[in-house]
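Counted the way our numbering counts, the sequence shown spans residues 121 to 626.
Glycine included, every Cβ here is placed at the ideal spot set by N, Cα and C.
As the structure is a prediction and not an experimental result, all values here were calculated from the model.
Heads up, the thing below is written out as structure tokens.
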Amino acid sequence: MESKKIQSALISVYYKDGLAPIVELLHKNGVTLYSTGGTQTFIEELGIPVIAVEDLTSYPSIFGGRVKTLHPKVFGGILYRRDNEGDVKTAAQYEIPSIDLVIVDLYPFEETVASGASEDDIIEKIDIGGISLIRGAAKNFNDVLIVSSRNQYAEVLSILQAKNCGTELSDRKRFAMLAFGTSSHYDTAIHAYFNGNKTDIYDFKTLPQSSLRYGENPHQSATFYGDIDSLFDKLHGKELSYNNLVDVDACITLLDEFTETSFVIIKHTNACGVASAPTVKQAYLNAFACDTISAFGGVLATNGIVDKESAEEMSSLFFEILIAPDFTQEALEVLQVKKNRILLKRKPVSFGKKMFKTLLNGVLEQDKDLSTETATQMRTVTEKAPTDSELKALEFALKVCKHTKSNTIILAKEGQLLASGVGQTSRVDALKQAIEKAAEFGFDLNGCVMASDAFFPFPDCVEIAHKSGISAVVQPGGSVKDKDSIAYCDANGLAMVMTGVRHFKH
Numbered sequence: 121m122e123s124k125k126i127q128s129a130l131i132s133v134y135y136k137d138g139l140a141p142i143v144e145l146l147h148k149n150g151v152t153l154y155s156t157g158g159t160q161t162f163i164e165e166l167g168i169p170v171i172a173v174e175d176l177t178s179y180p181s182i183f184g185g186r187v188k189t190l191h192p193k194v195f196g197g198i199l200y201r202r203d204n205e206g207d208v209k210t211a212a213q214y215e216i217p218s219i220d221l222v223i224v225d226l227y228p229f230e231e232t233v234a235s236g237a238s239e240d241d242i243i244e245k246i247d248i249g250g251i252s253l254i255r256g257a258a259k260n261f262n263d264v265l266i267v268s269s270r271n272q273y274a275e276v277l278s279i280l281q282a283k284n285c286g287t288e289l290s291d292r293k294r295f296a297m298l299a300f301g302t303s304s305h306y307d308t309a310i311h312a313y314f315n316g317n318k319t320d321i322y323d324f325k326t327l328p329q330s331s332l333r334y335g336e337n338p339h340q341s342a343t344f345y346g347d348i349d350s351l352f353d354k355l356h357g358k359e360l361s362y363n364n365l366v367d368v369d370a371c372i373t374l375l376d377e378f379t380e381t382s383f384v385i386i387k388h389t390n391a392c393g394v395a396s397a398p399t400v401k402q403a404y405l406n407a408f409a410c411d412t413i414s415a416f417g418g419v420l421a422t423n424g425i426v427d428k429e430s431a432e433e434m435s436s437l438f439f440e441i442l443i444a445p446d447f448t449q450e451a452l453e454v455l456q457v458k459k460n461r462i463l464l465k466r467k468p469v470s471f472g473k474k475m476f477k478t479l480l481n482g483v484l485e486q487d488k489d490l491s492t493e494t495a496t497q498m499r500t501v502t503e504k505a506p507t508d509s510e511l512k513a514l515e516f517a518l519k520v521c522k523h524t525k526s527n528t529i530i531l532a533k534e535g536q537l538l539a540s541g542v543g544q545t546s547r548v549d550a551l552k553q554a555i556e557k558a559a560e561f562g563f564d565l566n567g568c569v570m571a572s573d574a575f576f577p578f579p580d581c582v583e584i585a586h587k588s589g590i591s592a593v594v595q596p597g598g599s600v601k602d603k604d605s606i607a608y609c610d611a612n613g614l615a616m617v618m619t620g621v622r623h624f625k626h
């Protein structure tokens with residue numbers, strides 16, 4: 121297919137990173153450059169000639185910069201059809217130059233909202249000229265290439281280098297598609313702000329994207345949409361895989377439940393070790409003790425700084441990833457011995473409050489489960505009340521429970537997960553699985569506590585728990601037979617509390 125040579129370009133961007141090589145290539149190929157404001161200054165500082173948009177339009181930037189490019193000589197140059205005789209005559213009559221390439225990005229509206237800025241500042245970040253340039257250039261993709269995001273700079277540079285500063289129709293049409301995605305995402309964000317939903321927008325196609333080696337299994341292709349570099353600094357190791365990313369999400373979501381020094385070990389999105397302790401080393405040892413087999417090949421995370429002593433304890437274990445807010449230099453020297461081991465230094469980034477799931481021919485949206493019940497929300501329903509130590513253990517167990525696949529039962533003591541029953545079709549089976557695992561790894565369940573993600577339809581679970589030595593139970597309640605479970609607890613000296621909040625996870 122014939123390549124269309126770029127003769128002139130309009131460049132007006134907020135972010136300049138990565139722009140210089142494109143500008144230099146355009147200049148080298150004799151392309152006439154138009155620009156305005158900070159971008160014009162940026163190009164001039166590169167020593168490259170550029171025509172100010174104000175000189176093209178013979179009109180200054182007005183209203184504090186609200187009106188700069190909204191002029192027929194700009195939009196006419198973008199929109200007129202080069203193969204339409206009438207359009208060509210009109211362009212010549214009004215001395216409208218053709219503009220074959222538009223590079224523009226948008227005011228950082230979402231970033232301004234996220235920063236907590238005032239409404240006046242937020243409104244000023246609603247881009248008018250930029251969004252119009254994007255839509256106009258995308259509409260006329262037959263003649264114009266639109267670059268609507270800094271995330272596209274590298275690809276555009278590669279195309280222009282390969283095609284002698286030209287583009288093919290397939291290139292222009294693809295970038296038009298991306299441009300309308302940018303426009304859609306931007307307008308969606310503005311709508312969400314005015315609608316009171318400021319952060320959670322299911323519009324991933326405009327996010328940075330990374331192709332993964334494969335998906336959940338080798339025969340599945342996969343792409344990650346998002347900026348993983350804004351969340352972590354990768355200090356060592358191979359690239360993250362699809363399954364790595366899924367487990368990392370599960371790991372940090374659970375870890376964020378804890379303010380005290382804690383350690384989490386995840387395998388296939390479920391916790392196989394969780395503990396809180398005065399030091400990272402002790403938290404790791406307590407978490408690892410929960411299931412020394414499943415921890416092999418797991419994803420590890422802590423909210424404390426990894427020092428040499430804790431690193432030496434962990435280093436003997438084969439694990440995929442370790443996440444921490446920081447590592448001492450001595451710890452890195454210990455951990456980096458394994459070349460593929462991934463070490464991620466976490467950045468202080470908050471997450472949205474919505475979650476999405478594709479199914480059938482649509483998408484489900486729901487609020488994230490952000491409810492974490494503490495002792496103050498636990499209502500004692502038995503004659504015996506839990507002790508202070510048991511209440512702390514129940515709080516700990518419930519935090520783990522809400523992040524474990526249903527049906528689930530969690531067995532714990534204060535600051536340590538002892539065992540879990542995960543993803544069972546029967547709550548009784550989940551409890552039996554947990555009891556069996558606790559015994560396998562040498563835990564005495566006498567005096568430990570139990571958490572359930574949903575109510576007990578029958579008293580069988582509290583009966584099994586009692587016979588295993590469990591002394592206190594937390595569950596949401598709500599069964600028509602709650603009284604039967606309560607009666608069993610009263611008759612056998614168990615303490616039980618209800619929260620009124622279910623924590624299914626599928």
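Might you give, ordered along the chain, the residues of its own chain that have their beta carbon closer than 8 Å to the beta carbon of residue 225, omitting 5 neighbours on each side?
-> 133, 134, 135, 250, 268, 269, 270
Any idea which residues DSSP pairs residue 629 with across the strands?
-> Outside the displayed range of the chain (121 to 626) lies residue 629, so it cannot be described from this structure.
DSSP state of residue 305, grouped into three classes?
-> Correct three-state label for residue 305: helix.
Shortest alpha-carbon distance to residue 476 belongs to which of 304, 165, 626, 231?
-> 626
Have a look at residue 156 and residue 174 and give me their C-alpha separation to the nearest angstrom.
-> Taking the Cα positions, residue 156 is about 7 Å away from residue 174.
Is the CB-CB distance between residue 391 and residue 537 below 8 Å?
-> yes
Beta-carbon gap between residue 171 and residue 154 smaller than 8 Å = yes
From residue 491 to residue 253, what distance separates their C-alpha atoms?
-> 44 Å
Please determine if the segment 235-251 and the segment 276-293 are in contact, where contact requires at least 3 C-beta pairs separated by less than 8 Å.
-> no
Report the partner residues of residue 367 according to the DSSP bridge assignment.
-> Per the DSSP secondary-structure output, residue 367 pairs with nothing in a beta bridge.
May I ask you to report which of helix, strand or coil DSSP gives residue 288?
-> coil
Going by alpha carbons, who is nearest to residue 341 out of 592, 362, 356, 429?
-> 362
May I ask which residues mark the beginning and end of the alpha helix (DSSP H) holding residue 553?
-> 547-560
Spatial neighbours of residue 123 in its chain, beta-carbon cut-off 8 Å, leaving aside the 5 residues before and after = 283, 284, 286, 287, 288
Three-state class that DSSP yields for residue 249 in the structure shown = helix
Which whole-angstrom value describes the C-beta separation of residue 590 and residue 565, a residue pair presumed to lie in contact below a C-beta threshold of 8 Å?
-> 6 Å
Other residues of its chain near residue 530: CB distance less than 6 Å, five sequence neighbours each side excluded = 517, 520, 521, 540, 571.
Nearest CA to the CA of residue 437: which residue from 409, 464, 445, 444?
-> 409
Which residue from 510, 534, 513, 545 puts its Cα closest to that of residue 526?
-> Comparing alpha carbon positions, the residue from 510, 534, 513, 545 closest to residue 526 is 545.
Can you grab the Cα-Cα spacing for the pair residue 418 / residue 439, in whole Å?
-> 5 Å
For residue 320, name the three-state secondary structure that DSSP assigns.
-> In this prediction, residue 320 scores a pLDDT of 49, lower than 50, which makes its location untrustworthy; the coordinate-derived value is nonetheless stated afterwards. Three-state DSSP puts residue 320 in coil, outside helix and strand.
On the three-state DSSP scale, how would you describe residue 616?
-> DSSP places residue 616 in the strand class (E or B) of the three-state scheme.
Whole-Å CB distance - residue 166 paired with residue 143, under 8 Å assumed | 6 Å
Report the rounded CA-to-CA distance for residue 217 versus residue 307, giving the unit in angstroms.
-> 30 Å
Using only alpha-carbon positions, find the residue among 140, 151, 149 that is nearest to residue 161.
-> 140
Leaving out the 5 sequence neighbours to the left and right, which residues in its chain are closer than 6 Å to residue 319 when beta-carbon positions are compared?
-> Low per-residue confidence applies at residue 319: pLDDT is 45, beneath 50, and the placement is therefore not dependable, though the value from the model is reported in the following sentence. If the five residues before and after residue 319 are omitted, its C-beta is found closer than 6 Å to the C-beta atoms of 472, all from its own chain and listed in chain order.
Limits of the beta strand (DSSP E) - the one that residue 105 falls within | Nothing about residue 105 can be read from this structure; the chain reaches only from 121 to 626.
Local Cβ density within 10 Å of residue 347, reported as buried at 16 or more and exposed below that | exposed
Can you give me the Cβ contacts of residue 633 inside the same chain, cut-off strictly under 6 Å, excluding the 5 residues immediately before and after it?
-> Outside the modelled stretch of the chain, which goes from 121 to 626, sits residue 633, for which no answer is possible.
Pick from 573, 563, 265, 231 that is closest to residue 350, judged by C-alpha positions | 231
With a CB to CB cut of under 6 Å and the five nearest residues on each side skipped, what residues in its chain are close to residue 609?
-> 502, 582, 616
Do the CB positions of residue 219 and residue 198 come within less than 8 Å of each other?
-> yes
Out of curiosity, what's the CA-to-CA distance linking residue 369 and residue 393?
-> 16 Å
What do you reckon, are the CB atoms on residue 421 and residue 452 nearer than 8 Å?
-> no
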